[in-house]
């Protein structure tokens, strides 16, 4: 039997679902939530195997999307960071009528480098898989260090992220392994043209995991989407540039607010 995921809701306004990335949990959003809850009813979720959902088992990308669709409010804006962006995009492809808008943050429809497509080198993903077998806590901490590397505020960003993520239970090892498999194998590029919901893509110019040139490649695959690039951010723009991040999000979401 499937265990329900851990959700937390607060604020008033448009429903906004925030989905974290690999190795993380919903505590990553704590810095931006005070800036959002005046305009949004925010719903954060710990993905299966992570944070307070660490005993919820392992799921494929499609199964994860289906699970979130079942447990989430209707007519919400879905925002997914990194792996969470893949989950949110998959959900939009499965049931676009469930959501008002889609926002991906430092995400890609295909994370792995292949055939001229920019992405994470297979050797990097393989190294993470091998490290998981030896010491998965160290692996997560190394991955956290990658999130802000290159950003001018990298040292304090990494410390904040580490404190936030480690405030919740460590992820399930099987879920971490499954998540790496998804990052290495998922490829939604050919389906992006089928997206029917308004879409905003956010990128960090200094991101080492999702190279900024991916933004132009995805623009060609999803020409009706819009994009924002944060000049001083790496893989976690909502931590490196929280004010600009919230401003961009609110601008995009303005189209869904009733006219006064």
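Residue numbers (the working numbering): 153 to 412. Here a beta-carbon is modelled for each residue, glycine too, at the ideal position from N, C-alpha and C.
- Task: Using a Cβ cut-off of 9 Å (strictly closer), state whether residue 301 contacts chain D.
- Result: Protein chain content of the structure displayed is limited to a single chain, and chain D is not contained in it.
- Task: Verify whether the separation of the beta carbon atoms of residue 168 and residue 188 is less than 9 Å.
- Result: Sequence index remark: in the chain shown, residue 168 carries index 16 (1-based). Sequence index remark: in the chain shown, residue 188 carries index 36 (1-based). Closer than 9 Å, so yes.
- Query: Which residues in the same chain as residue 227 place their Cβ atom closer than 6 Å to its Cβ, once the five residues preceding and following it in sequence are excluded?
  - Reply: Numbered from 1 along the chain shown, position 75 holds the residue referred to as residue 227. Excluding residues within five positions, the ones whose Cβ falls inside 6 Å are 252.
- Item | Candidates 376, 353, 344: closest to residue 367 by CA position | Indexing the chain shown from 1 puts residue 367 at position 215. For residue 367, the nearest C-alpha among the options comes from 353.
- Item | C-alpha distance - residue 153 paired with residue 178, whole-angstrom precision | Position 1 of the chain shown, counting from 1, holds the residue named residue 153. Position 26 of the chain shown, counting from 1, holds the residue named residue 178. Caution applies to residue 153, whose pLDDT of 37 falls short of 50 and renders its modelled position unreliable; the value that the coordinates give is listed next. Roughly 23 Å separates the two Cα atoms.
- Message: For residue 197, tell me which candidate among 348, 409, 221 has the shortest Cα-Cα distance.
- Response: The residue given as residue 197 occupies position 45 in the chain shown. Looking at the Cα atoms, 221 is the closest of the given residues.
- Message: Assuming the contact rule is C-beta atoms closer than 8 Å, residue 392 and residue 300 should be a hit. Round their C-beta distance to whole Å, please.
- Response: Within the chain shown, residue 392 is the residue found at index 240, counting from 1. Within the chain shown, residue 300 is the residue found at index 148, counting from 1. At roughly 6 Å, the Cβ-Cβ gap stays under 8 Å, so residue 392 and residue 300 are in contact.
- Can you give me the Cβ contacts of residue 210 inside the same chain, cut-off strictly under 7 Å, excluding the 5 residues immediately before and after it? In the chain shown, the residue the question calls residue 210 occupies position 58. Excluding residues within five positions, the ones whose Cβ falls inside 7 Å are 200, 201, 326, 327, 330.
- Does the stretch 287-303 come close enough to the stretch 375-389 to have 3 or more Cβ pairs within less than 8 Å? yes
- Limits of the alpha helix (DSSP H) - the one that residue 240 falls within: Against the chain shown, residue 240 aligns to sequence position 88. Unbroken alpha helix (DSSP H) run through residue 240: 235-246.
- Message: If distances are taken between C-alpha atoms only, which option among 162, 165, 204 comes closest to residue 172?
- Response: Position 20 of the chain shown, counted from the start, is the residue given in the question as residue 172. When each option's Cα is compared against that of residue 172, the closest is 204.
- Would you mind reading off the limits of the alpha helix (DSSP H) that contains residue 185? Here residue 185 refers to the residue found at position 33 of the chain shown. Start and end: 185-188.
- Task: Leaving aside the five residues before and after residue 336 along the sequence, list all residues of the same chain whose C-beta is less than 6 Å from its C-beta, in chain order.
- Result: Translated into the one-based positions of the chain shown, residue 336 becomes position 184. Around residue 336: 264, 277.
- Query: Within this structure, are the beta carbons of residue 344 and residue 241 separated by less than 9 Å?
  - Reply: Residue numbering aside, residue 344 sits at position 192 when the chain shown is read from its first letter. Residue numbering aside, residue 241 sits at position 89 when the chain shown is read from its first letter. Going by C-beta atoms, residue 344 is nearer than 9 Å to residue 241.
- What are the complete alpha helix (DSSP H) segments, minimum 4 residues, inside the stretch 154-213? 185-188
- Query: Out of 284, 307, 316, which has the shortest C-alpha to C-alpha gap to residue 324?
  - Reply: Here residue 324 refers to the residue found at position 172 of the chain shown. Of the candidates 284, 307, 316, the one whose C-alpha sits nearest the C-alpha of residue 324 is 284.
- Message: Could you pull the DSSP bridge partners for residue 231 from this structure?
- Response: To locate residue 231, count along the chain shown from 1; it is residue 79. DSSP, once it has assigned bridges, lists 170, 255 as partnering residue 231.
- Please specify which runs of the alpha helix (DSSP H), each continuous and at least 4 residues long, are wholly inside the stretch 340-382, giving them in chain order. 366-373
- Message: DSSP has residue 385 in a bridge; who is on the other side?
- Response: Numbered from its first residue, the chain shown carries residue 385 at position 233. Its beta-bridge partners do not exist; DSSP assigns none.
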